[in-house]
Every structure is written in C-alpha cells, then in structure tokens.
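The structure under discussion appears below in the form of structure tokens.
2 protein chains.
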Amino acid sequence: MRWDEIGRTHCSVARTLSVVGDRWTLLVLREVFLRTRRFEDFQKHLGVTRHVLADRLKKLVEHGILDRVVYQDRPRRFEYRLTDKGSDLFPVIAALLRWGDRYMADEAGPPLEMVHRECGHVGIPELACPECRCAVTARDMKARPAPAFRQHREESE
Amino acid sequence: MRWDEIGRTHCSVARTLSVVGDRWTLLVLREVFLRTRRFEDFQKHLGVTRHVLADRLKKLVEHGILDRVVYQDRPRRFEYRLTDKGSDLFPVIAALLRWGDRYMADEAGPPLEMVHRECGHVGIPELACPECRCAVTARDMKARPAPAFRQHREESE
DNA sequence: TTGATTAGTTCTGTTTTGGAACTTATACTT
DNA sequence: AAGTATAAGTTCCAAAACAGAACTAATCAA
C-alpha cells in the first residue's frame, strides 16, 4: 500500500499520519511550536534539505495546519504560522517529547522543560481521562468500535 | 542531515522520532495497541509490504519497544508484544487518534471509541497538567531550556 | 502427494531523499 | 555603478528506501 492511500482507511491514527506522519513533518511542527516561522530558520535548526522542507511546508499549508503569510513586500517574503487546527497537534508533540525525556535523554537530562502558565508547575503534560481527570495509561483504556461501526460482534471483557 | 543522525540531536522529540518517527512504525504501534501480535496479521491489517514490516518489527525489538516471543515450536513461530517501554508510547497514538477524530473523520464519525475502565467515561484521553489536572493546550504551556541547558539568555515573558 | 499456514527473504523497478548548486528579487556597501 | 548579502525557494543527480510480487523453509492436515 502506498502512503497516499493510507488516508482513506477507517482509522483516525492512519488519517492523521497521512498528513503529519512523516519524519520531517513532525520536526517542522516541533520547530513551529518553538516559534520558528521562516524558511531559513527551519532549515538551519533542522538540517533538513531545502527541497524536502519546501515540500513539507507546502503540504502543511495545503492541509490547513500552517498559514503562509506575507511579512514583507519588496521583495515579497512569507512566514509560516500555526492555525488553530495546527495548534491542536500540540498533544502529539508533547507526547513524543515526554517519551523521549523518559527513555532517550542522556546524563544531562532533558534539554527542555515546560511550565504551565496558570499554575506554574514544571513538567510535560500527561494523558488524563476527560471525565475523572486521573492520569491514564494504555491499560486503563479499552478501545472498541464506535456505535456506528459496531456490528453485533461486541465481545465482552 | 540523514535520518540516522537525528537521534543525536539535543531534542527529545527528535530522539523519539528517530525510533518511531516513521510512517509505518507508528501504524505498527497502533496495531499492537489493538492487540495484533503476529506478522501475518500486521501485514493483513496494515497492507504494508512484508519487507518493510519485517524491518520495522526488527527495529522495534532492537529498541526494546516490542518483545519477540516464541508462541509455538515445530515450526518455531514468534509473536510481538509491547514491553513497558513500548506501552508508554500510548499517549503518542492517543494524541494522533484524538486529532484524527476531530479533523479527519468522515460523516459517519470516528470508527473507534475508548472507555476509561475505571470511571466508564467514553472518549479519547486528553492532555492535562500533572499538577492542577486541568486540560492544557499549546498556549497554556511555556517551553524553556531546562536548568542544565540554561545559559544566562533567559528571556522574560 | 498436494495444499495450507506462518514468518520471513529476495528481486526489480519506482519513488523519495540528501547534498549541493542555482535563481530571483531587493537592499545595502563601497 | 558594481559587488555583496539575504531570504525563499527550485533544479539536478546519485544514493537510499519502498511497493509489489515471487520465493523459501518448516511443519501439519487431507
């Protein structure tokens, strides 16, 4: 199966990945969450080839994740900013960051920390149940077909 | 910059992506969270080529994310199971799922739902501050260099 | 003896990538 | 006026990764 067919499967993970599930795309998003906006800066910070960078930025704009806005005329120059839709990808980056902090950091520890502006707590956000607010792991959650997709093959557990 | 150099940068996101930041790898993980364990099943469910699948499973085992365990002798057959380290990638998959449910679902709605076993609430977990427990978005969190990486270039905001 | 299962490996042609050089528009310096 | 700098790309080519299909190996069942 080619990658461009992946977005047509009935899976929200696959569909999301069809848009951002690319090595460099996710790093471009990391950068943009760190407030990088310009082509040259993305290129310098990431070390990605200009060719690939141009392609990824274009796709992110096409998907409404970034806006390409003029920041100067004469000569005309553009910068890239997160849309609300793009901003909602923050949990993906945060989850990658949190795992990397835990399993991939070297002796010096993680290079970045986050502060919750409201309460001042330092730490990467974690997954919580929207109802009871307690932290959840894979074991705490049971996945099942949504009602519309549920045939009568509902196994009990 | 080649991809295998990405894991040596000082960024937990990049380091995580150097391990799982590959189109198919993340889909393999989705499958394993849905309890798929065997080569043939991964291949059937994902439509990935056997070649790529074999490679990705091998790498996930090398990184300690999956265990390759014998489930039968004569002939010897193996299956793949999440380790604890692998299980901790759940937030990444959940974040991708949540975004896809919101932005990529078709009219029928998301195909999968999740239930919090403990409180019975249906919904995909969300990001929360580990301290005050309230839901956080990108705007609520401020990123800054960790103490060990902080020179005296600490901008106020 | 033939076919089925499972977990791979091998082969070949196509696509994507990395790296470097080039382009375009304009301002700034000398 | 000529030359240099900056920013945002585009173009080119060789190298790496991928898709699709066929093949292998070990064993059991009919």
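Chains as they are written, first to last, in this note's numbering: chain A, 44 to 200; chain B, 44 to 200. We treat Cβ as the ideally placed atom computed from N, Cα and C, and that holds for glycine.
Interface flag, residue i vs chain A, CB-CB below 8 Å
i	result
R93 (chain B)	no
D98 (chain B)	no
D183 (chain B)	yes
V56 (chain B)	yes
Beta-carbon contacts of residue i that lie in its chain and below 8 Å, excluding the five residues immediately before and after
i	result
G50 (chain A)	A57, R58, S61 and V62
E169 (chain B)	R141 and A178
R119 (chain A)	V113
E105 (chain B)	none
G129 (chain B)	L72, V75, L103, G107, I108 and L109
A97 (chain A)	F82
G143 (chain A)	P153
Residue i at chain B interface by Cβ criterion, 8 Å
i	result
Y146 (chain A)	yes
F82 (chain A)	no
E105 (chain A)	no
L70 (chain A)	yes
L109 (chain A)	no
K102 (chain A)	no
K128 (chain A)	yes
V135 (chain A)	yes
R119 (chain A)	no
Residue of the options minimising C-alpha distance to residue i
i	options	result
W46 (chain A)	B:M44, B:T52, B:R78 and B:L89	B:L89
D131 (chain B)	A:R145, A:P134 and A:C175	A:R145
P190 (chain A)	B:M184, B:K185 and B:P154	B:P154
L70 (chain A)	A:E48, A:V95 and A:A148	A:V95
C172 (chain A)	A:R182, A:H164 and A:G163	A:R182
T180 (chain B)	A:R187, A:L139, A:D149 and A:P134	A:P134
R99 (chain A)	A:G163, A:T68 and A:D116	A:T68
C175 (chain A)	B:M147, B:T79, B:C175 and B:H159	B:H159
Proximal residues of chain B, C-beta to C-beta of residue i below 8 Å
i	result
F192 (chain A)	A151, P154 and L155
D47 (chain A)	Simply none; closest approach about 11 Å.
Opposing strand residues paired with residue i [DSSP bridges]
i	result
R81 (chain A)	Answer by DSSP bridge pairing: none, since R81 (chain A) is not bridged.
I186 (chain B)	Just to set this straight, residue 186 (chain B) is Ala in the shown sequence, not Ile. According to DSSP, which records beta bridges pairwise, A186 (chain B) is partnered with A:M157.
V165 (chain A)	A:V158
Q86 (chain A)	The partner list for Q86 (chain A) (beta bridge, DSSP) is empty, contrary to what the question assumes.
D110 (chain B)	B:R124
A24 (chain B)	The first residue shown for chain B is 44 and the last is 200, placing residue 24 (chain B) beyond what the model contains.
Q115 (chain B)	B:R120
Neighbour list for residue i in chain B, Cβ cutoff strictly below 7 Å
i	result
A186 (chain A)	L77, L155 and M157
R66 (chain A)	W46, L60, G64 and D65
Residues that residue i contacts on chain A, provided the C-beta gap is smaller than 9 Å
i	result
R124 (chain B)	Simply none; closest approach about 12 Å.
D209 (chain B)	Residue coverage of chain B in this structure runs from 44 to 200, which leaves residue 209 (chain B) outside it and unanswerable.
Proximal residues to residue i (C-beta, below 6 Å), its chain only, five neighbours per side dropped
i	result
R73 (chain B)	I136
M157 (chain A)	I167
Own chain residues within Cβ distance below 7 Å of residue i, not counting five before or after
i	result
R93 (chain A)	Q86
R111 (chain A)	V104, F121 and Y123
T126 (chain B)	G107, I108, L109 and D110
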